[in-house]
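Residue numbers (my numbering): 1415 to 1539.
We treat Cβ as the ideally placed atom computed from N, Cα and C, and that holds for glycine.
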């Protein structure tokens, strides 16, 4: 029918990106990740802090309160992230790569886009 379904797109991304580091991803995916980071890091300090993460999530997802967003942010952050005040660009690149590559719905990176419904579809099913 000459249409690309969500499943078709997901499979294409998996095929192009699976098993690759961020530097090995197709240029379009790296540009998307950099654009996403820049859009969320609204104060342009090179770190996505909790407030910026909250604002990004509520722009895309209707939620009754911010607790779910805060839980996602806490799940994403390492001790280094917390010391730095949030997620730096290099850490975001790692999380983005894991978000694309890791089929495990309990991996922290699945929360990169906020509190999306889980479990996510397992690509093996």
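Residue 1475 by DSSP, collapsed to three states: which one?
-> One-based indexing of the chain shown puts residue 1475 at position 61. The three-state secondary structure of residue 1475, taken from DSSP, is coil.
Counting pairs of Cβ atoms below 8 Å between the region 1435-1454 and the region 1464-1473, do you hit three or more?
-> Between the region 1435-1454 and the region 1464-1473 there are three or more C-beta pairs closer than 8 Å, enough to call the two in contact.
Buried or exposed: residue 1505, going by 16 or more other Cβ atoms within 10 Å of its Cβ?
-> As a working note, residue 1505 is residue 91 in the chain shown. Its Cβ being crowded by 16 or more others within 10 Å, residue 1505 is buried.
Roughly how many angstroms lie between the CA atoms of residue 1434 and residue 1498, to the nearest whole one?
-> Taking the chain shown and counting its residues from 1, the one referred to as residue 1434 is at position 20. Taking the chain shown and counting its residues from 1, the one referred to as residue 1498 is at position 84. A direct Cα-Cα distance of roughly 27 Å separates residue 1434 from residue 1498.
Three-state secondary structure (DSSP) at residue 1427?
-> Walking along the chain shown from the start, residue 1427 turns up at place 13. Helix at residue 1427.
How many angstroms separate the CA atom of residue 1502 from the CA atom of residue 1415?
-> For this step, residue 1502 is matched to residue 88 along the chain shown. For this step, residue 1415 is matched to residue 1 along the chain shown. Approximately 42 Å between the Cα atoms of the pair.
Three-state secondary structure (DSSP) at residue 1501?
-> Counted from its first residue, the chain shown places residue 1501 at position 87. Strand, per DSSP.
Can we say the region 1509-1516 touches the region 1427-1445, given the rule of at least three CB pairs closer than 8 Å?
-> With a cut-off of 8 Å, the region 1427-1445 and the region 1509-1516 count as touching, because enough Cβ pairs lie within range.
Alpha carbon of residue 1529 to alpha carbon of residue 1458, nearest angstrom | Translated into positions along the chain shown, residue 1529 becomes position 115. Translated into positions along the chain shown, residue 1458 becomes position 44. Distance between the alpha carbons of residue 1529 and residue 1458: 24 Å.
May I ask which residues mark the beginning and end of the alpha helix (DSSP H) holding residue 1489?
-> By one-based count along the chain shown, residue 1489 stands at place 75. Segment 1481-1490, the alpha helix (DSSP H) holding residue 1489.
Using a threshold of 8 Å, state whether the C-beta atoms of residue 1500 and residue 1462 are closer than that.
-> Here the question's residue 1500 lines up with position 86 in the chain shown. Here the question's residue 1462 lines up with position 48 in the chain shown. Against a cut-off of 8 Å, the Cβ pair of residue 1462 and residue 1500 comes out as a contact.
Out of 1496, 1494, 1466, which has the shortest C-alpha to C-alpha gap to residue 1483?
-> As a position in the chain shown, residue 1483 is number 69, starting the count at 1. Among 1496, 1494, 1466, the Cα nearest to that of residue 1483 is on 1466.
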